[in-house]
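Enquirer: Residue numbers (my numbering): -7 to 386.
All C-beta atoms in this analysis are idealised placements derived from N, C-alpha and C, irrespective of residue type, glycine included.
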């Protein structure tokens, strides 16, 4: 079976994409298909492990750029898994690594700013990043010659100008085909050969793979198995209907139970597997969506200039302080309102108590006044008459 040399390229058109690529290469963000226990085996082959966006900006320097054009492109180098394992078992893996680094340097020269070997995934591979700064003659540059055409164009001497131009390496089927030829030629001594020229086959991404697996799961057949029930035995002459029925049921059950158990076990097993696969698929899709959202937000931030981020951070901090001050003011006002309410309640209670005392005082005074008045219901008895003694003079 043929073992292929694999070389894939991907253009990166924004600093957000550059940052995302750098995080993947340096493993500074979670990579689901990478083994954390083998991450220490990864190593830098070209360049330093610094933020990739900064390295790209530094390499571009004062080179001219076309708006919307790719800033850089990524190169992925690997081989068929069987041959890669074979190279490791034959102690030729380092030879493969050196051959790849040599090919990258010959192909891209100083425009190769990073190359990283990943050993924490199923098949070893190399990620390389190229910033395509190309120097070309531009007749519109250079000193003014003093000649002005009829249309007003001022002729210049022309000069060599640096431009960021990914098309110099990747534009057109011819260039991409030559790239595959060159890489396959470099890998030929290691038992890796070029893929079929002009083939319509293309790389299947992880997302496409899982979508295909999902469609296969959804198309699983649910047809019921064809089970043949054995014919019942003939009744005996002296056998009652009840006895015959029990005997038929026992014999049928005896013959059918192995089939029923086998079908039931398979059905339960299929349902459990399908349920587990569905759960895992749902969790994987949710994790993927969360990761893509985080990556998208990070990439959006990568495009924002540092001074804008700093101003936004200061504004956010100022808004947080204002919000905290408003919250503290609200709590203080609430405390004062409660205190005022409590004071009012106490004053109301005191006023009610004073009113009760005044009412009681008035009742006591009224009672005293009542006591001094004669009661018309009680008649005063007349005072007894004094007996007069007459002296009789004889």
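Three-state secondary structure (DSSP) at residue 167?
Expert: Three-state result, residue 167: helix.
Enquirer: With DSSP run on the structure shown, which of helix, strand or coil describes residue 102?
Expert: If DSSP states are grouped into helix, strand and coil, residue 102 belongs with the helices.
Enquirer: Tell me the rounded alpha-carbon separation between residue 13 and residue 311.
Expert: About 33 Å.
Enquirer: Just the Cα atoms here: how many angstroms apart are residue 43 and residue 34?
Expert: Computed Cα separation, rounded: 17 Å.
Enquirer: Among 118, 156, 26, which one has its Cα closest to the Cα of residue 64?
Expert: Among 118, 156, 26, the Cα nearest to that of residue 64 belongs to 156.
Enquirer: If residue 105 sits next to residue 93, beta carbons under 8 Å apart, how far is it from one beta carbon to the other, in whole angstroms?
Expert: Contact flag wrong, Cβ pair sits at about 13 Å.
Enquirer: Would you mind sorting residue 51 into buried or exposed? The rule is 16 or more other CB atoms within 10 Å of its CB.
Expert: Label assigned to residue 51: buried.
Enquirer: Between the stretch -4 to 13 and the stretch 166 to 178, can you find at least three pairs of beta-carbon atoms closer than 8 Å?
Expert: In short, these stretches touch, since the Cβ pair count reaches three.
Enquirer: Find out if the Cβ-Cβ distance for the pair residue 37, residue 107 is shorter than 8 Å.
Expert: Yes.
Enquirer: Tell me residue 152's beta-bridge partners as DSSP assigns them.
Expert: Residue 152 is bridged to 129.
Enquirer: Would you identify the three-state DSSP class for residue 21, choosing helix, strand or coil?
Expert: DSSP places residue 21 in coil when its eight states are reduced to three.
Enquirer: Going straight from the alpha carbon of residue 88 to that of residue 186, what length do you get?
Expert: So the two alpha carbons sit approximately 16 Å from each other.
Enquirer: Check whether the Cβ atoms of residue 19 and residue 31 lie closer than 8 Å to each other.
Expert: Contact flag set, yes.
Enquirer: Are residue 15 and residue 69 closer than 8 Å when you measure CB to CB?
Expert: Result no, Cβ atoms of residue 15 and residue 69 do not sit closer than 8 Å.
Enquirer: Evaluate residue 103 with the Cβ neighbour count: other Cβ atoms within 10 Å of its Cβ, from every protein chain shown; 16 or more gives buried, anything less gives exposed.
Expert: Buried, because 16 or more other Cβ atoms sit within 10 Å of the Cβ of residue 103.
Enquirer: Starting from residue 189, trace the alpha helix (DSSP H) in both directions and tell me its first and last residue.
Expert: Counting along the chain, residue 189 falls outside any alpha helix (DSSP H), and DSSP gives it neither H nor E.
Enquirer: Could you round the C-beta distance between residue 86 and residue 2 to whole angstroms and report it? I think they count as a contact, below 8 Å.
Expert: At roughly 27 Å, the Cβ-Cβ gap does not stay under 8 Å, so residue 86 and residue 2 are not in contact.
Enquirer: Name, in chain order, the residues that DSSP records as bridge partners for residue 1.
Expert: DSSP lists 67 as partners of residue 1.
Enquirer: Tell me residue 35's beta-bridge partners as DSSP assigns them.
Expert: Answer by DSSP bridge pairing, in chain order: 109.
Enquirer: Taking DSSP's pairing of strands, which residues face residue 120 in a bridge?
Expert: 67, 107.
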